[in-house]
Each structure stands twice: as structure tokens, then as C-alpha cells.
Amino acid sequence: MSKRLKLVGLASSRTLRSGKTLANTDSSEKTSPYFARKKRTGSKKHIPIKIEYEAADDKTNIEDTNLISDVAIKTENVETSIDTKDIKIEKHEIEEEYVEQSTDLKNIKDEKQWTPPNWETIFENIKEMRKYETAPVDTMGCHKCTDPNATPVISRYQSLVALMLSSQTKDQVTHAAMQRLNSYGCKPDIIAATPDEVLGKLIYPVGFWKRKVEYIKRTSVILLNKYNGDIPKTVQELCELPGVGPKMAHICMRTAWGEVSGIGVDTHVHRICNRLGWVKRSTKTPEETRKELEDWLPRSMWSEVNHLLVGFGQETCLPRFPKCSECLNKDICPYGSKNIKTKK
Ligand code: SF4
């Protein structure tokens with residue numbers, strides 16, 4: 001409180017001590033001598049005015065101070081609000097960027113999420129048609145070609161040889177050739193030392209038997225020198241072997257090592273996927289089909305899809321003259337619907 005305010009305070013106390021109320025007291029008595037030269041009437045109003053005036057200086061100062069701080073605060077606020085604005089803009093930009101990114105991700109996701117219509121029903125229908133396992137692949141596929149008494153290392157080698165023989169060859173022919181080879185001694189050291197003519201006679205009449213003699217012998221030597229007689233455990237290394245491609249490598253990983261590295265797509269799988277519309281656009285090679293199929297088919301189904309479709313292709317969805325009228329998918333298969341209409 002200021003000095004003058006105190007004086008006024010004293011005058012008021014004196015007035016109260018004299019027993020006079022403010023109401024019946026002369027204005028000169030009510031006013032401190034300090035203010036005597038400025039005679040005023042309506043002391044009730046003037047005293048507070050003076051005080052207010054004197055206080056006003058202080059107040060002004062206070063206000064000035066407040067003003068400064070106010071200005072400072074306001075300026076600060078402006079700065080803060082600019083900062084906030086900047087942050088907001090920045091945030092907005094980030095949000096926009098995020099929106100752009102999420103749109104990109106959504107597009108990628110949408111692209112990834114593509115699935116062919118009715119594929120689950122079709123899959124179940126094929127399983128139903130295959131439930132008795134009567135196709136050649138069920139009893140004579142590569143997984144049935146190894147010697148049951150062979151060691152794991154030799155068994156893996158025999159799986160690989162069977163796969164090499166199976167290319168462009170019916171399961172019955174491959175299986176019979178493997179029976180002869182197993183009886184002869186289907187081990188890498190024995191095969192590597194076998195004359196070409198002898199090996200040729202053992203595997204004949206598999207498709208491209210002359211070329212396969214060369215591939216199998218060269219592979220056996222590589223396995224002995226580089227892998228201690230075992231087969232490699234990666235798709236990449238398997239594909240480096242003579243005559244081994246991605247389809248063979250993925251199936252080999254599954255049958256020999258029990259690992260699912262990808263979908264084995266042969267001519268049956270390639271053809272059926274195109275007929276069923278299980279590829280976004282029609283594909284020209286099994287390798288293209290494999291990539292398309294792996295894009296949407298749940299990984300948990302990769303191990304069974306090859307075997308399922310190969311058998312289905314051997315019995316029902318034949319390369320020429322598929323048995324569409326007998327197929328459980330005839331009403332939902334794009335190829336089957338057209339095929340049946342054409343025949344009518
Ligand atoms: S309807 Fe015909 S083309 Fe379609 S999956 Fe069945 S057999 Fe194959």
C-alpha cells in the first residue's frame with residue numbers, strides 16, 4: 001500500500017475514535033490535513049477518488065507493469081500461438097504426409113488383399129473331389145519314390161533325383177525309373193561313377209532322359225564335393241544345381257527337408273490356376289503363376305496346394321477336355337461355366 005493511502009487510513013481511524021460517523025462529520029474533518037488545500041465536497045466520493053487517483057499512479061504503474069508483462073505475455077502468447085500455429089501446420093503437414101503414406105499403404109494393402117472370388121469354396125470342393133487320393137501323384141509322386149530303408153541323407157538325395165526325373169514325365173514312369181535306380185544303388189557316389197549308357201538305360205523312358213543323365217551325374221559330383229554327399233538346404237543353392245529350377249527347389253525343400261519355402265508350380269498348377277482365375281491376369285509361365293499365387297494364398301496352404309492341384313489336374317481338370325460337367329466347381333469356375341455352355 002502507498003504512503004498516502006496510510007494517511008487516509010489514519011484520518012478515518014481518528015474520525016471513528018471521536019465517535020463521529022462519516023455521515024455526520026464535516027468534510028474537512030473527514031479529510032486529512034494533508035489534503036486540506038484541496039477542499040472537496042461529497043467527501044464520500046472524493047476520498048476514494050483521491051485515494052483512487054493516488055492509487056491510480058501506483059495502479060498505473062502496476063498496470064504499466066502489468067501492461068508490460070501483459071504485452072510481454074501477449075507477445076509471448078502471440079509467439080506461442082505462432083509456435084502453436086507452426087506446430088499445428090507442422091502437425092498438419094505430418095498428418096497430410098501420414099495420410100499420403102497411409103493411402104500408399106492402403107493401396108499396397110488393397111493390392112495385397114486381392115483374392116479370387118469363391119476361392120475358399122473352390123479349394124474345399126477340390127479337397128472333396130480328392131479325398132480318396134486316387135490320383136497317380138498320391139501313390140507314385142516324388143514323395144513315394146525314396147527307399148524307405150535309406151538314411152536321411154540318402155533319402156534326401158533320392159528325393160532330388162526323383163524330382164529331376166519327374167519333369168515332363170508321368171508319375172508312373174518316374175516311379176518305375178526310381179524303383180530301378182534304388183535297386184541299383186541310388187547314392188551320389190554310385191551314380192557319379194556309373195557310365196552314362198548304364199544310367200540312361202536305368203532311367204529310360206523318362207522325358208529328356210539323355211539330358212537328365214548328364215544333369216544327375218553332374219549334380220552327384222557337386223553334392224559329393226560341396227555338400228559332403230547331402231543336398232543343399234536353400235532354394236538358391238538348389239537352383240544352382242544342373243537342371244534344378246524354382247519349382248523343383250520348392251518341392252524339394254518340402255519333401256526332403258520338410259520346409260515350406262514357396263509353392264511348387266508345375267504345368268498342372270499353372271493351368272488350373274489360370275482356369276480358375278486364381279491369378280489377377282493370365283500368366284504365361286509357371287514361375288509367373290507361382291508369384292501370383294503366393295501373393296494371396298495364405299501361407300498355411302502352400303504346402304498342400306501343389307499336391308492337391310496336381311492330383312486334381314491328373315483326374316478331373318485335365319489338360320485337354322477337362323471334366324467340367326463332373327466338377328463340383330462347374331458353377332463358380334470361370335472356365336468351366338463357359339466350357340459347359342459351349343458344349344450345349
Ligand atoms: S469346372 Fe472345369 S475347368 Fe473349372 S476347375 Fe472344374 S474341371 Fe477345371
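Be aware that the sequence shown starts at 1, since it is given in the UniProt record's numbering, and climbs by one per residue. Every residue gets a Cβ at the ideal spot worked out from N, C-alpha and C, and that includes glycine.
With a threshold of 7 Å, establish whether the CB of residue i neighbours any heavy atom of the ligand SF4.
i, result
"T134", "no"
"P232", "no"
"C333", "yes"
"N339", "yes"
"L199", "no"
"G277", "no"
"C317", "yes"
"K330", "yes"
"K323", "yes"
"G311", "no"
"G245", "no"
"I251", "no"
"C273", "no"
"G336", "yes"
"C327", "yes"
Select from the options the residue whose C-alpha is nearest the C-alpha of residue i.
i, options, result
"D266", "K226, V206, V305 and N228", "V305"
"W302", "K127, G264 and Q158", "G264"
"E288", "N339, T151, T121 and V269", "V269"
"L223", "C145, I126, A192 and D331", "A192"
"Q236", "N225, G229 and S261", "S261"
"T234", "E259, P298 and I122", "E259"
"N125", "K341, I340 and D331", "D331"
"K217", "D196, Y227 and N225", "D196"
"R290", "T139, R320 and G245", "G245"
"P152", "K170, E120 and D230", "D230"
"H307", "E120, W119, E133 and I122", "E133"
Taking 8 Å as the cut-off, decide whether the C-beta atoms of residue i and residue j are in contact.
i, j, result
"Q179", "P136", "no"
"L163", "C252", "yes"
"Y157", "P188", "yes"
"C327", "G336", "yes"
"A256", "L160", "yes"
"I340", "C324", "yes"
"I154", "A177", "no"
Would you mind giving the Cβ-Cβ distance between residue i and residue j, rounded to the nearest angstrom? I have them listed as a contact below 8 Å.
i, j, result
"C333", "R275", "7 Å"
"G141", "S167", "Actually they are not in contact, since the Cβ atoms of G141 and S167 sit about 13 Å apart, beyond 8 Å."
"L241", "T219", "5 Å"
"G311", "D138", "6 Å"
"K284", "W114", "Not quite, the Cβ-Cβ distance comes to about 19 Å (not below 8 Å), so this is no contact."
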